[in-house]
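Below: the structure, in structure tokens.
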Amino acid sequence: MRGLVLGSRRLSIAVVLGFGYVYYQLTGGSTALAAIGLIAFVGMAQALPALMGALFWRGANRVGAAAGLLTGFGVWLYALFLPSFGPGVLMSAQLLAEGPAGISWLRPQALFGVDGVDPLMHALVWSLALNVLAFVAGSLVAFPTPLERVQGAQFVNVFDIQTSARGWSRNAAEAEDLLVLAQRILGTPEAQAFFQAAATAQGKAGYLPDTTPDFLERLERRLAGSVGAATAHAMIAQIVGSSTVSVEDLMAVASETAQIMEYSSQLEAKSGELARTARQLREANDMLTKLSVQKDAFLSQISHELRTPMTSIRAFSEILKDTGDLSPDEARKYAGIIQDEAIRLTRLLDDLLDLSVLEAGRVQLKPEAASLHALLERAIIASGSVAPGRGMSFDRDPDAEAVALETDAGRLSQVFINVLSNARKYCDAERPRMTIRVREDGAMVAVDFIDNGSGIARKSQALIFEKFARLTDQMQAGGAGLGLAICREIMHNLGGEISYVPGQGGAAFRVSFPRVLPPQPEDATDAPEDAG
């Protein structure tokens with residue numbers, strides 16, 4: 001290291017002497033040594049604004065210092081150093097006399113029209129003035145970095161800093177404090193093992209070795225593996241009683257802290273993302289489980305629904321086949337049962353096919369002009385034939401029902417018929433009565449069907465639109481429980497919905513749909529019209 005320093009100094013001396021000789025030759029040896037010294041001093045004076053600003057102004061920063069130095073040295077070169085070589089050497093005589101491009105107020109030795117002043121004083125004043133101006137402007141424009149703010153506070157407020165810290169003295173370190181620090185960072189077993197090994201190497205017993213420089217260096221390296229090099233150095237420096245932790249150490253600690261905070265933020269974001277992904281996976285798994293349960297329940301229900309009529313058909317057909325002495329009346333009775341069960345089976349298959357087509361969205365709707373009043377009239381008549389023997393009176397408002405529609409009248413009537421048929425079957429009032437209310441809301445129409453029965457229990461309201469949902473005995477219901485599920489899919493395809501409205505005194509269903517049927521997908525296909 002000593003040889004490198006000496007070599008650098010000798011090389012610097014040689015370079016300076018070489019530049020001096022070149023300057024002497026270019027000036028022709030006509031410039032006095034004192035004048036050369038003054039020119040050099042004016043050049044060195046350009047560092048004065050940045051130096052004084054750094055000592056007394058906390059707002060100073062490197063951008064301002066660089067701007068001031070560049071400006072000051074530029075003016076010094078232009079107004080003093082280059083002209084010192086004489087006319088025609090590095091500057092033409094015309095430039096010195098008239099200025100660049102004939103601009104007289106930019107003449108090197110008469111800047112801004114100031115003429116008749118000693119060139120040395122002229123260059124000194126203008127270079128320092130512009131240097132200070134650029135330094136202040138650059139410092140105001142640029143925002144100081146954290147390191148610059150800390151350094152500024154240390155230099156500007158140097159007399160305000162009161163510290164009782166001692167100078168760096170490794171031998172003054174307390175081994176007990178270092179052991180406590182190491183235990184907090186490394187853990188008790190690892191820290192005690194490290195200190196015991198160091199004490200043993202020094203020929204001492206126990207866990208407290210002498211705090212030699214070598215030991216402190218090894219301890220700092222060990223702690224750096226856990227908290228970072230800058231943090232470890234700062235911690236040990238505080239314990240061993242160093243004067244003041246350097247700005248570089250403080251900024252390194254701050255940088256490591258910022259990195260830790262950034263990593264923590266990234267880990268938190270990753271943790272949140274993983275939590276969201278896990279939640280989505282749980283939801284997807286729950287949905288798949290639910291779908292699997294629904295599929296199993298559907299297969300079980302459909303097999304039961306198909307088995308019941310098939311069992312009846314098989315049993316009564318075997319009676320007709322094996323019993324030869326049946327009377328004509330008994331034969332007709334059994335044949336009628338077989339026919340009814342076959343019709344029931346056919347209706348169930350039609351309902352299943354219709355529901356599957358509707359759920360897949362492949363139904364081809366047929367929009368046509370229709371009257372809501374006419375559709376309700378037809379549904380009331382049709383529901384009487386579907387559920388005969390149950391008389392029901394109706395409370396209606398023909399004026400409110402006079403609504404012109406452009407929709408699939410057949411499908412909408414199918415929904416009305418199903419709702420009215422269910423009301424005829426299940427309304428438990430002594431004198432069943434149905435109130436039909438029509439309400440228009442912009443482009444939407446809502447039709448409420450409210451009977452005067454006891455309604456549907458709250459716990460069952462969420463189940464009535466599911467497949468094979470029946471709230472009464474199957475024989476009493478007379479169906480497979482697909483009616484409202486089909487109605488729900490029909491209304492979905494019509495751009496509307498069907499829902500149960502609680503709190504109306506009886507069973508209340510609301511059917512809402514647009515006046516004009518929305519455009520249908522081009523890939524829709526025809527579906528069966530019989531919903532059963």
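Numbering (UniProt numbering), first residue to last: 1 to 532.
Cβ atoms here follow ideal geometry from the backbone N, Cα and C, with glycine treated the same way.
Counted as a single uninterrupted DSSP element, the alpha helix (DSSP H) harbouring Phe-73 occupies residues 62–76.
The segment 434–441 makes contact with the segment 392–410: 3 or more CB pairs, one atom from each, lie closer than 8 Å. Check the Cα spacing between Gly-495 and each of Ala-462, Val-419, Val-445 and Leu-208: the tightest is with Val-445. Excluding residues up to 5 positions away in sequence, Glu-401, Phe-416 and Ile-436 lie with their Cβ nearer than 7 Å to the Cβ of Leu-376 in the same chain. In this structure, Val-363 keeps its C-beta atom at 9 Å or more from the C-beta atom of Asn-452. Relative to the Cα of Gly-503, the nearest Cα in the group Ile-490, Pro-519 and Ile-456 belongs to Ile-456. Under the three-state reduction of DSSP output, Phe-194 falls in the helix class.
In the structure shown, Phe-513 falls within a strand segment according to DSSP collapsed to helix, strand and coil.
For Val-447, the enclosing beta strand (DSSP E) has its first and last residue at 444–451. When the Cα atoms are used, Met-392 and Pro-367 turn out to be separated by approximately 31 Å.
The Cβ atoms of Leu-412 and Phe-513 lie closer than 9 Å to each other.
Taking 9 Å as the cut-off, the Cβ atoms of Leu-288 and Ser-226 do not count as close. The shortest C-alpha to C-alpha distance from Ile-319 to any of Thr-308, Arg-307, Lys-333 and Leu-306 is the one to Lys-333.
For Pro-87, the secondary structure class from DSSP, reduced to helix, strand or coil, is strand. Of the candidates Ile-103, Ala-60, Tyr-207 and Glu-176, Ala-60 places its Cα closest to the Cα of Ala-137. In the DSSP annotation of this structure, the continuous segment of the beta strand (DSSP E) that includes Met-434 starts and ends at 433–441. For Leu-179, the enclosing alpha helix (DSSP H) covers residues 175–186.
Taking each of Ala-379, Asp-325 and Met-310 in turn and checking the Cα distance to Ile-337, the smallest one comes out for Met-310. One Cα belongs to Pro-189, the other to Pro-49, and the distance between them is close to 57 Å. One thing to note: Ala-47 has its Cβ no nearer than 9 Å to the Cβ of Leu-124. Between the beta-carbon of Phe-465 and that of Leu-482 there is about 11 Å, and that puts the pair past the 8 Å contact cut. A direct Cα-Cα distance of roughly 24 Å separates Ile-13 from Leu-80.
The beta carbon of Leu-82 sits closer than 6 Å to those of Leu-90 and Met-91, all from its chain and outside the five residues before and after it, given in chain order. For Phe-394, the enclosing beta strand (DSSP E) stretches over residues 393–395. For the set Val-403, Phe-56, Ala-409 and Leu-420, the Cα lying nearest the Cα of Ala-382 is the one of Leu-420. Nearest in C-alpha terms to Thr-71, of all of Ala-129, Gly-206 and Ser-499, is Ala-129. By the criterion of a C-beta distance shorter than 8 Å, Lys-321 is surrounded by no residue of its chain, once the five residues flanking it on both sides are discounted. Ala-110 and Ser-84 have their C-alpha atoms some 14 Å from each other.
Nearest C-alpha to Gly-64 among Val-75, Asp-118 and Leu-140: Leu-140. Of the residues Asn-285, Gly-68 and Phe-41, the one whose Cα lies closest to the Cα of Ala-54 is Gly-68. Beta-bridge pairing by DSSP links Leu-405 to Ala-370. It is roughly 27 Å from the alpha-carbon of Lys-270 to the alpha-carbon of Ala-229. Arg-378 and Asn-418 have their C-alpha atoms roughly 12 Å apart.
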